[in-house]
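Protein chains in written order, with UniProt numbering: chain A, 1 to 239; chain B, 1 to 239.
Report on the following structure.
Protein chains: 2
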Amino acid sequence: MSQPRFRNWQAIQDEVLRRIHARDWPPGHVIPNEVDLAAEFGCARATVNRALRALAEAGMLERRRKAGTRVALHPVSRATVDIPVIRQEIEDRGQSYTYRMFSRKIARPPVSIQARLCPDSPVDCLHVTALHLASGVAYVFEDRWINLATVPAAANQNFDTISANEWLLATVPYTHGDISFTAEAAAGAEADLLGTARGAPVFVIDRTTWDHDRAITTVRLSYAPGYRIRTSVGTPVSV
Amino acid sequence: MSQPRFRNWQAIQDEVLRRIHARDWPPGHVIPNEVDLAAEFGCARATVNRALRALAEAGMLERRRKAGTRVALHPVSRATVDIPVIRQEIEDRGQSYTYRMFSRKIARPPVSIQARLCPDSPVDCLHVTALHLASGVAYVFEDRWINLATVPAAANQNFDTISANEWLLATVPYTHGDISFTAEAAAGAEADLLGTARGAPVFVIDRTTWDHDRAITTVRLSYAPGYRIRTSVGTPVSV
DNA sequence: CAGTGGTCTAGACCACAAT
DNA sequence: TTGTGGTCTAGACCACTGA
């Protein structure tokens with residue numbers, strides 16, 4: 001059953017997608033294994049593997065050893081979001097970046113923060129609040145706790161010229177992190193600093209990062225009204 | 001210069017990341033080419049390629065033919081966000097899904113929508129508004145325009161049992177899409193349907209999808225208060 | 001033009017998990 | 001136990017792009 005012959009992994013990917021959309025392979029269907037597909041497509045197994053692995057990363061297929069490869073039951077749009085350093089984000093918009101720190105003190109965090117940074121036992125943390133401005137206008141308010149047990153060097157940084165956001169990303173490698181996006185009503189002080197009315201909708205990013213099993217920092221970034229995260233969903237089908 | 005010998009692409013990835021974090025290879029630095037690295041690591045070039053390609057996809061490296069591979073100047077956190085079908089999203093939370101359509105009519109869209117769906121010339125579109133409920137509680141309000149020039153079959157769907165969200169994802173393949181996230185104040189009717197106060201912060205997803213160069217649909221999803229998108233930043237370093 | 005990454009091949013061995 | 005995907009190898013050719 002030698003088809004016209006597929007020369008590269010993207011052509012194979014397109015053909016697999018075509019069969020999925022044509023319902024030749026409906027959701028849940030177990031598709032032929034790599035050896036058989038390679039024979040059908042007239043290519044090496046590694047090429048089929050490349051195509052199927054890309055589709056699995058895109059969420060179209062689910063692959064398990066021995067069980068084989070099946071079409072995902074619930075198609076999802078998988079978007080990749082880049083979260084840059086704040087200074088870079090502002091300068092990329094062609095605006096000038098300024099930074100103003102408001103507070104910096106070492107303390108035991110409240111329980112809600114403690115649950116994220118040091119669930120086992122309370123430790124000293126560095127609490128920093130600051131405002132990032134774009135061309136002199138409030139852009140995002142940063143409320144950050146840094147685990148001094150994990151990052152003792154942070155205690156020697158005063159963060160008056162370089163933001164904690166930037167210093168941490170450049171200095172402390174992390175293995176993984178949690179991120180969440182919400183819409184919240186601006187609280188009192190936060191609203192004033194962002195130059196908006198209290199209760200106005202603000203876009204909030206909560207992020208916690210770890211180095212292996214040790215929490216590094218947790219931060220709440222509240223963006224001034226009008227902030228928008230843009231992204232795109234990949235192009236599973238080439239061209 | 002045979003190092004201890006790196007056996008797999010993840011070990012190579014870890015070693016490259018170690019050198020980046022150790023500033024052996026600072027941001028902007030052009031690292032050795034694949035052939036040299038393969039010789040140093042004692043493995044095949046394909047293995048080095050696999051490791052470097054993964055790091056490039058994660059945003060840590062920038063690769064260009066002839067120019068070589070360099071450490072990214074501005075480290076970014078690249079998170080992947082899954083955007084599931086709404087029914088699935090609700091059922092995954094262990095809640096029951098119900099759906100209620102409010103309006104469905106064919107019309108020429110307003111200019112703001114027209115700019116996204118048919119920038120060249122106005123065409124007939126199907127405008128659908130509906131509410132998705134989780135265990136009987138308003139979850140998200142859907143305000144959608146479907147380009148009938150691209151998807152004529154939509155005109156025959158009444159969307160009273162299956163939502164446009166679900167029907168489109170299951171029926172119409174797309175090649176790419178734009179997505180954006182914002183926090184906005186609930187407008188009048190929207191606020192009433194979502195069961196929240198007018199002006200309350202709502203999380204909004206705007207999405208437009210295309211099939212090649214033909215726009216399929218554009219939708220605004222406004223989520224009831226409390227909605228949160230969770231994701232995580234990859235684990236470039238294995239374990 | 002020439003150096004780099006992008007990809008393909010044919011074969012091999014391994015790791016995992018369903019049976 | 002055994003079938004499947006996961007990966008590695010050594011070599012080859014190609015495509016892009018900087019000089």
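Quick reminder that beta carbons are idealized off the backbone N, C-alpha and C, glycines included.
CB contact flag (residue i, residue j, <7 Å)
i                      : j               : result
W145 of chain B        : Q157 of chain B : no
V71 of chain B         : W9 of chain B   : no
T218 of chain B        : L117 of chain B : yes
A138 of chain A        : L148 of chain A : no
L194 of chain B        : F159 of chain B : no
R214 of chain B        : G177 of chain B : no
Y174 of chain A        : F203 of chain A : no
residue 243 of chain A : T231 of chain A : Absent from the model: residue 243 of chain A. The displayed extent of chain A is 1 to 239, so no value can be given.
F181 of chain A        : I179 of chain B : no
T150 of chain B        : I205 of chain B : no
S96 of chain A         : S135 of chain A : yes
L133 of chain A        : P75 of chain B  : no
P201 of chain A        : A187 of chain B : no
residue 240 of chain A : V233 of chain A : Lying outside 1 to 239, the shown extent of chain A, residue 240 of chain A is not represented and no answer is given.
E61 of chain A         : G28 of chain A  : Going by the sequence as given, residue 61 of chain A is Leu instead of Glu. Against a cut-off of 7 Å, the Cβ pair of G28 of chain A and L61 of chain A comes out as no contact.
R5 of chain B          : G42 of chain B  : yes
D143 of chain B        : T129 of chain B : yes
residue 242 of chain B : S77 of chain A  : Summary: the structure shown does not reach residue 242 of chain B, with chain B confined to residues 1 through 239, and so no result is reported for it.
S222 of chain A        : E190 of chain A : yes
A224 of chain A        : A183 of chain B : no
Q13 of chain A         : A54 of chain A  : yes
Identified DSSP bridge partners for residue i
i               : result
F203 of chain B : B:A183, B:Y223
T218 of chain B : B:W145, B:T208
V81 of chain B  : A:A79
L61 of chain A  : A:V71
R230 of chain A : B:S180
V30 of chain A  : A:R70
Residue i Cβ short of 6 Å to the ligand NAP heavy atom set
i               : result
P119 of chain B : Absence of the ligand NAP from the depicted structure is noted, as is the absence of any ligand whatsoever, leaving it without description.
**Study point:** 3 or more residues per run - each beta strand (DSSP E) lying fully within the segment 92 to 180 of chain A
**Key:** Runs of the beta strand (DSSP E) inside the segment 92 to 180 of chain A: 97 to 107, 125 to 134, 137 to 147.
Review point. Taking a cut of 8 Å between CB atoms, which residues from the segment 1 to 29 of chain A lie near chain B?
Key: L17, H21
Point to revise | Residues of the segment 80 to 102 of chain A whose Cβ lies closer than 8 Å to any Cβ of chain B, in chain order | key: Listed in sequence order: T80, V81, D82, I83, P84, V85, Q88.
Check your understanding: Do the segment 102 to 113 of chain B and the segment 99 to 112 of chain A meet, that is, are 3 or more Cβ pairs less than 8 Å apart?
Key -> no
Practice item. Could you say if the segment 66 to 77 of chain A and the segment 120 to 127 of chain A meet the contact criterion of at least three C-beta pairs nearer than 8 Å? Key: no
**Study point:** Near-chain A residues of the segment 49 to 82 of chain B (beta-carbon distance less than 8 Å), N- to C-terminal order
**Key:** G59, H74, P75, V76, S77, R78, A79, T80, V81, D82
Check your understanding: Should the segment 84 to 98 of chain A be regarded as contacting the segment 45 to 62 of chain A, the criterion being three or more beta carbon pairs within less than 8 Å?
Key -> no
Exercise for review: Mind checking the segment 158 to 176 of chain A against chain B and listing, in chain order, the residues whose C-beta falls within less than 7 Å of any C-beta there?
Suggested key: Along the segment 158 to 176 of chain A, the positions whose C-beta sits under 7 Å from a C-beta of chain B are L169, P173, T175, H176, read in chain order.
Check your understanding: Quick one, which residues of the segment 178 to 190 of chain A are near chain B if we go by CB-CB under 8 Å, in chain order?
Key -> In summary, the residues of the segment 178 to 190 of chain A whose CB is separated from some CB of chain B by less than 8 Å are D178, I179, S180, F181, T182, A183, E184, A185, in the order they occur in the chain.
Review point. When Cβ atoms are compared, which residues of the segment 134 to 156 of chain A fall closer than 9 Å to chain B?
Key: none
Review point. Taking any Cβ of chain B, which residues in the segment 217 to 231 of chain A have a Cβ under 9 Å from it, in chain order?
Key: Y223, P225, G226, Y227, R228, I229, R230, T231
Point to revise | Residues from the segment 195 to 208 of chain A in contact with chain B, defined by Cβ distance under 9 Å | key: G199, A200, P201, V202, F203, V204, D206, R207
Practice item. Could you please tell me which residues of the segment 100 to 121 of chain B, in chain order, have their CB closer than 9 Å to any CB of chain A? Key: none
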